[in-house]
Amino acid sequence: MSTLHERATPPGTEASPKPGTEGGPQPGATARGPLRRLRRPGHHFLRRHRRSLAVLAAWSLLESGQTFLGGYGAARALDDGFLAGRPVAGLLWLAASAAGIVIGGGAVRGVFAGLAGLVEPLRDGLVRRTVQRALDDALTAPARADSSSVSRLTGQTEAVRDGFAGVVLTLRSFVFTAVGALLGLSALAPVLLPIVLLPLALGIGLYLLTLSPMARWQRAFLDADEALAAASGGACEGLRDITACGAGPRVTEELDALITAEAAASRALARWSAARTWALGAAAHLPTLSLLAGAPWLLRNGVTAGALLGALTYLTQSLLPALNTLMTALGAAGTRLLVILDRLAGPAAVPAPRPDAGGVPADRPVPTTTGTVRSRRTPAPCAPAPCVPAPSGLASDAENPYPPAVELRSVTFGYGGRPVLDRLDLTVRRGEHLAVVGPSGIGKSTLTALIAGMITPGTGDVLVAGETVMGRHARELADRRALVPQ
91 MSTLHERATP PGTEASPKPG TEGGPQPGAT ARGPLRRLRR PGHHFLRRHR RSLAVLAAWS
151 LLESGQTFLG GYGAARALDD GFLAGRPVAG LLWLAASAAG IVIGGGAVRG VFAGLAGLVE
211 PLRDGLVRRT VQRALDDALT APARADSSSV SRLTGQTEAV RDGFAGVVLT LRSFVFTAVG
271 ALLGLSALAP VLLPIVLLPL ALGIGLYLLT LSPMARWQRA FLDADEALAA ASGGACEGLR
331 DITACGAGPR VTEELDALIT AEAAASRALA RWSAARTWAL GAAAHLPTLS LLAGAPWLLR
391 NGVTAGALLG ALTYLTQSLL PALNTLMTAL GAAGTRLLVI LDRLAGPAAV PAPRPDAGGV
451 PADRPVPTTT GTVRSRRTPA PCAPAPCVPA PSGLASDAEN PYPPAVELRS VTFGYGGRPV
511 LDRLDLTVRR GEHLAVVGPS GIGKSTLTAL IAGMITPGTG DVLVAGETVM GRHARELADR
571 RALVPQ
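Just so we're on the same page, this note's numbering is the position in the sequence shown counted from 1, plus 90.
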């Protein structure tokens, strides 16, 4: 898979789109390609988390029971209770339906426990892959590294996490609700099934026709967004050169074209969202209209009033709300999830030494870590000597008489559960700089607080300028740290 706009295109080398396709998805960019590419890694991921899937399915079975009792209890309450002159029996059937609601509500806690076992490992794996790809790209071509990876790390991985959780919840709810509703319709009167299912299938078919165009335009929108992020980042970095060379109008024109392309993709996506809403309305209302229109014929053929009430209960209270939620989630979060997953799960670049790349010299030290944070030393250029001499303040350990500015030795720290930092070894020498980048929850603030002496690690030692920060007075610690607010 090739990801578009991985790096900013140098000015003047942009490929011209075909007439009539400006800002639009490229031919062949359908939803089938991402589905085909993601099928194998998706199956592998689900196999590795079979336990979480089993927990999720077990708790969801209770919702099937709740759905079944809801419609069946209403039908029996009417036929065997109130219409038969036995109000006590009718009330008991309604009580059984209410008990199903209580049981289903108790299953929610178990459902979310199983959901966390799927969502969090997916997000963590995508973050690791995105960071690895960004590092590999930077090592392969340091001069062409751009800021589009920031969009993937901070925005797209979180979008996958939220979207995947929403899709799993709604898909699970629809499947188990549908199982309970179909079993209930079969128990009431099998003749109700075709009257309900045929118009439902028609509405779902209309809805599915809108998914492929939405996926294409979602991809086009994300391509345009990344291209704009990369181009604007490059323009900001080269602002002095742009001003000095008088290239402001040209850069403005190029950025304006990217903004226009993103706006066009956004408008097309909105139009298909409107079509999806129309198809959703058809799927939601056609089964109910079909049931009401066929009610006289059903009554003449032996279907009781209670069975009709039960079928209407299944449709309006269970099946159609679950279908509405599922289609909304698939149309909004589902297509976006598919496109972003396809982009993030693609093969990473293979780093290779480049003698002409203007990167960091091989003899320049970098902060070294072990434990849960690993570093990679920049590969040495093939030239006989580094193209840029190393700064005097960044000498090797043998030449540097000063202790490290910051040093962590086998530091482990957690907030009661899984450790945030696990046996972390980190060394930052004098004159070096360390940037920790990532989404919320990976331990950036925790690492800062440990180095500043604001919290104490469970095990290990933290040293600043060769002296431990643990056990010191607050005034001593304040003299040793500086904070730049953001």
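Ideal Cβ positions, reconstructed from N, Cα and C, are used throughout, including at glycine.
DSSP-derived helix/strand/coil call for residue i
i	result
residue 289	helix
residue 300	coil
residue 522	coil
residue 546	coil
residue 558	strand
residue 492	coil
residue 394	coil
residue 563	coil
residue 530	coil
residue 358	helix
residue 427	helix
residue 508	coil
residue 468	For residue 468, the pLDDT reaches just 39, beneath the cut-off of 50, and the residue's location in the model is therefore unreliable, although a value from the coordinates is still provided. Of the three classes helix, strand and coil, the one that applies to residue 468 here is coil, per DSSP.
residue 256	helix
residue 384	coil
residue 482	Low per-residue confidence applies at residue 482: pLDDT is 40, beneath 50, and the placement is therefore not dependable, though the value from the model is reported in the following sentence. DSSP places residue 482 in helix when its eight states are reduced to three.
residue 379	helix
residue 450	Confidence at residue 450 is low in this model, with a pLDDT of 43, below 50, so the placement of that residue should be treated as unreliable; the coordinate-derived value is given next. Here residue 450 sits in coil by DSSP.
Element boundaries [beta strand (DSSP E), containing residue i]
i	result
residue 515	511-518
residue 551	549-554
Residue span of the alpha helix (DSSP H) that contains residue i, given as start and end
i	result
residue 502	Here residue 502 belongs to no alpha helix (DSSP H); instead the beta strand (DSSP E) covers 496-503.
residue 279	From DSSP, residue 279 is part of no alpha helix (DSSP H); its letter is neither H nor E.
residue 158	140-166
residue 408	From DSSP, residue 408 is part of no alpha helix (DSSP H); its letter is neither H nor E.
Among the options, the one whose alpha carbon lies nearest that of residue i
i	options	result
residue 211	498, 138, 418	138
residue 527	521, 538, 519	538
residue 213	369, 251, 376, 205	251
residue 365	193, 299, 399	299
residue 292	352, 253, 380	380
residue 191	371, 407, 141	407
residue 351	362, 315, 378, 328	315
residue 409	345, 496, 373, 535	373
residue 265	516, 521, 412, 514	412
residue 529	247, 403, 261	247
residue 544	531, 550, 560, 416	560
residue 167	394, 427, 423, 492	394
residue 396	414, 277, 323	277
residue 286	371, 141, 375	375
residue 555	568, 493, 546	493
residue 162	354, 343, 275, 523	275
residue 197	332, 346, 152	152
residue 311	182, 430, 332, 524	430
residue 289	371, 531, 230	371
residue 510	535, 338, 132	535
residue 259	199, 227, 317	199
residue 193	515, 150, 522, 512	150
residue 416	131, 254, 132	254
residue 348	325, 501, 177, 333	325
residue 344	181, 332, 354, 321	321
residue 256	202, 229, 227	202
residue 318	342, 566, 362, 295	342
Min CB distance residue i to chain D below 8 angstroms
i	result
residue 298	Absent here is chain D; the protein component of the structure consists of one chain.
ask   = Which runs of the alpha helix (DSSP H), 4 residues or longer, sit entirely within the stretch 303-345?
value = DSSP runs (the alpha helix (DSSP H)) wholly in the stretch 303-345: 329-335.
query = Is the stretch 157-166 in contact with the stretch 267-278, if contact means three or more CB pairs nearer than 8 angstroms?
reply = yes
message = Would the stretch 383-393 count as touching the stretch 212-228 if we require 3 or more Cβ pairs under 8 angstroms?
response = no
message = With a threshold of 8 angstroms, are at least 3 pairs of Cβ atoms found where one atom belongs to the stretch 341-361 and the other to the stretch 302-311?
response = At 8 angstroms Cβ cutoff, the stretches touch.
task = Output the residue ranges of the alpha helix (DSSP H) runs that lie fully inside the stretch 170-244 and measure 4 residues or longer, sorted by chain position.
result = 177-230, 238-241
request  = Report yes or no: do three or more beta-carbon pairs, one from the stretch 549-558 and one from the stretch 497-513, lie closer than 8 angstroms?
outcome  = yes
message = When you compare the stretch 278-295 with the stretch 391-407, are there three or more beta-carbon pairs, one atom per stretch, that lie closer than 8 angstroms?
response = yes
query = Touch check for the stretch 135-155 and the stretch 195-212: three-plus C-beta pairs under 8 angstroms?
reply = yes
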